[in-house]
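Data block below; observations after.
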Amino acid sequence: MSKATFEHTLKDAGIRLLPKLNEFVRARKTTESFLVTIEQIARWAGLTRRNGRIDDNQAYRMMMLAECPASKVRRYGMRCWDAREAMQALAKWTGAWAWVVD
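Residues in the sequence shown are numbered consecutively from 2, following the working numbering.
Structure follows, in structure tokens:
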């Protein structure tokens with residue numbers, strides 16, 4: 002798979018992830034955490050290997066390409082992102098401007 006095809010596949014996954022992140026943010030109260038783990042991101046984006054297991058390496062690469070700032074906090078030993086910041090960065094990276102939240 003070429004690098005361009007790989008990045009295009011990750012952009013498609015990012016677009017699939019945006020509605021899930023939006024739903025996650027809207028379901029939270031202001032006192033709750035907005036952190037999402039790499040496992041949640043990979044599952045929501047549909048990034049799976051041929052054997053059906055989630056592919057957190059691809060999810061991490063997608064978040065780095067979108068320049069999403071990772072949280073310093075880890076949950077369950079996994080890297081986390083703030084869902085609101087991730088949604089804005091992914092929307093800009095994929096070109097899905099309708100998801101950009103002010």
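We put the CB at the ideal spot given by N, CA and C, even for glycine.
For R85, the closest C-alpha among the options A14, D57, S34 and R62 is that of S34. Per DSSP, reduced to three states, the secondary structure at K73 is strand. Note that the C-beta distance between A87 and L11 is not below 8 Å. Taking a C-beta distance under 8 Å as the contact criterion, T38 and M79 qualify as a contact pair. Using a Cβ distance threshold of 8 Å, A43 and A67 do not count as a contacting pair. In the three-state scheme derived from DSSP, where H, G and I count as helix and E and B as strand, D56 is classed as coil. I16 has its alpha-carbon roughly 15 Å from the corresponding atom of Q41. In this structure, DSSP gives R85 a helical state, which the three-state scheme calls helix.
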